[in-house]
Each structure stands twice: as C-alpha cells, then as structure tokens.
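The opening position of the sequence shown corresponds to residue 674 in the numbering used here, with each subsequent residue numbered one higher.
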Amino acid sequence: MLLHLLRRLFYAVVTFFGITLFVFALVHAVPGDPVRFHFSQVRPGATIDPEILEAIRAEYRLDEPVLTQYVVWLGRLVRLDFGRSYGSQRDVAATIAAKLPNTVLLNVAALLVALILALPIGIASAVTRRRWLDRGSAVLFILLYSLPNFWVGLLLIQFFSVKLGLLPLYGMSSVSADASTWAALMDRGSHLVLPVVTLAYAQLAIFARFSRSALLEVVRADFVLAARARGAGEMRVILHHAARNALMPLITLLGITIPYLISGSVVVERLFQWDGIGTLFFDAVLARDYPMVMALTVLTAFITLAAYALTDLLYALAEPRVRFVKEPR
C-alpha cells in the first residue's frame, strides 16, 4: 500500500511540473507585450518611451529567456510567492484567496445537485430496464450531454430571467438585497440557480447513465441471486445489496468530474458574471497577466492531481484487491 502511494505521488509531481512548464511556455508564446497592453489600458492612445518600456520589462525580468524566467518562477513557487498582478498590482495569492470560496460554492452545489438527482434516476432506469422510463431517460441524457454549456446558459437566461423574470440575470447578489441573514441567503440562492444548473446538467447525465450501467452489472452477481433466493424483497435487494456495491465505481468518476467542473466554471462564471477564479482566469489570460495565469494554473493542477490521488486512495481502501495488483512494467 505504501509503495502504491509513493508511486502515485511521484507520477503526480512529474505531471505537475510538466503542466507548469507547458503552460508557462504557452502563455509566453501568445503574441503581444503585457507591458504595452497594461499601459494602453491605463493611458489609451498614449505612446510609451522605448527606454521606459525596456526598464519595465527588465524590472519584471521579461527581457530574459523563457527558460530562465521559468527557473526564477519555480524558485518563487517553492517559497509560495506568486508575485503581484501586472494589472491590479495586488498580491496574486491574496486575490485568488478572496475569490476561491465563490468558485468552491458554485462547484460543490453543482456536484451535489448532479449526484442527488442522478443516483435515484440511474437506479430507477436500471430497475425499469428497456421500459419507457429507461429509454426516455437515455435519450434525454444523451441530448443533455451533447449540448454546450454556454448555449444552455444563454437559453436559461433568456427564458427564466428575461422572459419570465423569475431569476436574476447575472451576478452573485442584488444591489437592493436586504442585509438580514435570511434575505441575503435567499438572494444568494436565487443567483446560484442558473449557474449551478448550467454547470451540473452534463454531470447529471453522466452520473445517471454510469450508475445505471454499474447497477445492471451488479444485479447479475451471485450474491444478489443469493439474496433473492433467501426471500429478500426486490427493493431490499436493489437498495441494500446491489446499489451499495454498484456505487463504488462512482469513486473513479468523481475524480474525473472535479477537474471538469473547475474548467467548466471558467465559461459559466464569465457568462453569469460570477466573481470566482474562473472569471479571474479568463480576464488574466486576456490581459496577459502572467503571474495570475501561472498561479491559477498551479492551483488548478494541484486540485486536479489531488482529486486523482484521492480517487486512487479511496478506491484502494474500498477495494482491497487493488492494493495488491502489480502494475505492468
């Protein structure tokens, strides 16, 4: 078990540095000068003296080779020093820490909604296999999974916000919201509905179909047949014996879902003007804010690798046979 964890940790570290090197090179390969860009934002239409431009570039070490800049950045990363934003001049780590809870709230809510709705639907589809409920849900979920989330978000805004006026159009809170705790919670909840649905519907389809397939595999197992032979009721067989064992493969699926939600929240947060790290990432890329982009890349890579590592650990704990399977050389 210890050797298995050490091997996974080694793979995670190598992958992490590979991701950061690739993103660092990719960001610096994008055409445009960040110094000129931010100067044009501060003083539109003005020209900057070439000597001043070179002095600023030297201050941020942008005049050095990309590999040298990467080594310097790695040295600061070891000290957890992400620098200051080129645009706002604020500390990058403090800016991310202020917006991260908003993204966590959005992603956790979307994941819970997807799981709570998908598991009963998946179990019901497996129980009613090849009947109208199973076939209808299959068509519906395939359709949902194929729809791009930005398009679904625009449709939801058009219908529920513009036409019906039932839900807020964008943002995290209303300007005229009551300051009391209950009113503030209700206002935040109403702003959460559309972005959560936009982020959760594809995962709902995946979880539902995956849980259905897993349950259909388990119901053919010998221990399920033995439970029926002992006279256990059908609902007890499905919920107590089959479902508990069928849901174990969802551990693997959860590890894949977390990175998907984080990447998907970039589009969803921008669409609904949700003040999280997704919006921050989008704006930083457009502004060529290298320190902010790299800090967010480190955070995203860490969460993704941690999710995969946690998935391996939980699966090994849940399925003891995994601990003793030797990987091919």
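We put the CB at the ideal spot given by N, CA and C, even for glycine.
All values derive from a computational prediction rather than experimental measurement.
The alpha helix (DSSP H) enclosing E737, as first and last residue numbers: Mapped onto the sequence shown, residue 737 falls at position 64. First-last for E737: undefined, no H or E at that position.
Touching by the beta-carbon criterion (3+ pairs, under 8 Å), the segment 859-872 and the segment 826-846: yes
Residue-chain proximity (T977, chain C), Cβ-Cβ < 8 Å: The structure shown contains no chain C; it holds only a single protein chain.
Under 8 Å between C-beta atoms of G928 and S938: Mapped onto the sequence shown, residue 928 falls at position 255. Mapped onto the sequence shown, residue 938 falls at position 265. Cβ distance not < 8 Å, so G928 and S938 don't count as in contact.
Per DSSP, cross-strand counterpart(s) of D764: Counting from one through the sequence shown, the residue named residue 764 turns up at place 91. Per DSSP, R757.
Helix, strand or coil at T720 according to DSSP, with G and I counted as helix: In the sequence shown, counting from the first residue as 1, residue 720 sits at position 47. Coil.
Cβ distance (whole Å) where G826 is taken to contact T871 below 8 Å: To locate residue 826, count along the sequence shown from 1; it is residue 153. To locate residue 871, count along the sequence shown from 1; it is residue 198. Yes, they are in contact, since the Cβ atoms of G826 and T871 sit about 4 Å apart, within 8 Å.
For R763 and A771, the rounded distance between their alpha carbons: Looking up residue 771 in the sequence shown gives position 98. Looking up residue 763 in the sequence shown gives position 90. In a straight line, the C-alpha of A771 is about 12 Å away from that of R763.
Start-to-end residues for the alpha helix (DSSP H) that takes in A875: Translated into positions along the sequence shown, residue 875 becomes position 202. Element bounds for A875: 854-891.
Span separating the alpha-carbon of V765 from that of V812: Position 92 of the sequence shown, counted from the start, is the residue given in the question as residue 765. Position 139 of the sequence shown, counted from the start, is the residue given in the question as residue 812. Cα to Cα, the separation comes out at about 45 Å.
First through last residue of the alpha helix (DSSP H) which encompasses P932: Reading the sequence shown from its first residue, position 259 is the one you call residue 932. Per DSSP, P932 belongs to the alpha helix (DSSP H) from 923-945.
Buried versus exposed call for P717 [16 or more other C-beta atoms within 10 Å across all chains shown]: To locate residue 717, count along the sequence shown from 1; it is residue 44. Per the 10 Å Cβ criterion, exposed.
Reduced DSSP category for P841 - H, G, I as helix; E, B as strand; rest coil: Here residue 841 refers to the residue found at position 168 when the sequence shown is read from its first residue. Three-state DSSP puts P841 in coil, outside helix and strand.
Test item: CB-CB of V708 and L735 under 8 Å: Counting from 1 along the sequence shown, the entry for residue 708 is found at position 35. Counting from 1 along the sequence shown, the entry for residue 735 is found at position 62. Yes, these two residues count as a Cβ contact at 8 Å.
Short Cβ contact (8 Å threshold) for L790 with L877: Indexing the sequence shown from 1 puts residue 790 at position 117. Indexing the sequence shown from 1 puts residue 877 at position 204. Their beta carbons are under 8 Å apart, which means L790 touches L877 by this criterion.
Same chain, Cβ closer than 8 Å to R749, neighbours up to 5 away in sequence not counted: Sequence index remark: in the sequence shown, residue 749 carries index 76 (1-based). Here the set comprises F755, G756.
D948 in three-state terms, based on DSSP: Your numbering for residue 948 matches position 275 in the sequence shown. Correct three-state label for D948: coil.
Residue from L953, L934, L817, T930 with nearest C-alpha to A984: To locate residue 984, count along the sequence shown from 1; it is residue 311. Reading the sequence as shown, one finds Thr at residue 984 and not Ala. When each option's Cα is compared against that of T984, the closest is T930.
Cα-Cα separation between W805 and S936, rounded to whole angstroms: Against the sequence shown, residue 805 aligns to sequence position 132. Against the sequence shown, residue 936 aligns to sequence position 263. The straight-line gap from Cα to Cα measures roughly 35 Å.
Residues near L969 in its chain [Cβ-Cβ closer than 8 Å; skip 5 each side]: As a working note, residue 969 is residue 296 in the sequence shown. Cβ within range, chain order: I769, I950, L953, F954, A957.
Candidates P922, L898, L923: closest to I911 by CA position: Within the sequence shown, numbered from 1, the residue matching residue 911 stands at position 238. The candidate whose alpha carbon is nearest that of I911 is L898.
With 16 other Cβ atoms within 10 Å as the buried cut-off, status of F997: Within the sequence shown, residue 997 is the residue found at index 324, counting from 1. Because F997 carries a pLDDT of 46, less than 50, the predicted location of this residue cannot be relied on, and no value is offered for it.
Residue span of the alpha helix (DSSP H) that contains G705, given as start and end: What you label residue 705 is simply residue 32 of the sequence shown in a count that begins at 1. Careful: G705 lies outside any alpha helix (DSSP H) and carries neither H nor E.
Cut-off 7 Å between Cβ atoms - residues of its own chain near F823, not counting five sequence neighbours on either side: Residue mapping note: residue 823 aligns to position 150 of the sequence shown, counting from 1. Closer than 7 Å at the Cβ level, and outside the excluded window around F823, lie V940, L944.
Closest by C-alpha distance to F710, when choosing among L959, A731, V971, Y733: Translated into the one-based positions of the sequence shown, residue 710 becomes position 37. The shortest Cα separation from F710 among L959, A731, V971, Y733 belongs to L959.
Per-residue DSSP class, three states only, for R961: Locating residue 961 in the sequence shown gives position 288, counting from the first residue. Here R961 sits in coil by DSSP.
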